[in-house]
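Residue numbers (UniProt numbering): 1 to 167. Idealized CB from N, CA, C, for every residue including glycine. All values derive from a computational prediction rather than experimental measurement.
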Amino acid sequence: MSRDISEHRKNLLQALGDAGRESSNAAVMYHTVMSGMLGLGVTEWKALDLLQRLGPLTAGELSQHTGLAPASVSGLVDRLEAKWMVRRIRDLKDRRRIIVEINPEQLAGASAEAIEVFEPLMRGLADLYDAYTDEQLELILDYTTKAAAVQRAATAILTERQPRRSP
């Protein structure tokens, strides 16, 4: 079903799409440089971010949160464990279940370096946020949260479509 939309709305939607792509590219490039400075791949850094924000997770939960295939998550955890950034522990309630948690001793040094790397971005964002009212920030937060959910769902669909490779 097609809907008649105004030329103004068409232009807004085009500009919003362009701005979203630009924001996405800037985020990917920023995190690529930043994670490289810390000796990590982007996916490794973002997995650590998830573990830091959400706490210990199983590989299956990491797969759900990232949209990555379970085999990809297994390799990701192997790489992080080899770098001493995470450790696998047995769930005390269900000994068959393995949980991935951040290795706090190793992350302490990386966190101090990450804070220094993130500081200019955080300062710039704080200045940007000051330009908006609380109501505008609520709208931006709503959009950003919903857009991230749409992107995670799209990632999961792409992951399901990936051809399975033979070992």
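Using C-beta distances below 6 Å, list every residue in its chain close to V150, excluding the 5 sequence neighbours before and after it, in chain order.
Working through the sequence shown from its first residue, we reach residue 150 at position 150. Around V150: no qualifying Cβ.
If you run the structure through DSSP and keep just helix, strand and coil, what is T133?
Within the sequence shown, residue 133 is the residue found at index 133, counting from 1. Three-state result, T133: coil.
Could I get the ranges of all uninterrupted alpha helix (DSSP H) runs contained in the UniProt domain "HTH marR-type" (9-149), with 4 residues as the minimum, in chain order?
With a minimum length of 4 residues, the continuous alpha helix (DSSP H) runs that stay inside the UniProt domain "HTH marR-type" (9-149) are 42-54, 59-66, 70-82, 104-129.
Residue from T66, G60, L51, G36 with nearest C-alpha to L158:
Taking the sequence shown and counting its residues from 1, the one referred to as residue 158 is at position 158. Among T66, G60, L51, G36, the Cα nearest to that of L158 is on T66.
Buried or exposed for L80, please, with buried defined as at least 16 other CB atoms from any protein chain shown within 10 angstroms of its CB.
Along the sequence shown, read from residue 1 onward, the residue named residue 80 stands at position 80. Buried.
Counting C-beta neighbours from all protein chains within 10 Å, is the total for V33 16 or more, i.e. buried, or is it exposed?
Stepping through the sequence shown from its first residue, residue 33 is reached at position 33. Burial call: exposed.
Are there 16 or more other CB atoms within 10 angstroms of the CB of A147, so buried, or fewer, so exposed?
Along the sequence shown, one-based indexing puts residue 147 at 147. The residue is exposed, with fewer than 16 neighbouring Cβ atoms inside 10 Å.
Buried versus exposed, by CB contacts within 10 Å (16 or more), V28:
Position 28 of the sequence shown, counted from the first residue, corresponds to residue 28. It counts as exposed.
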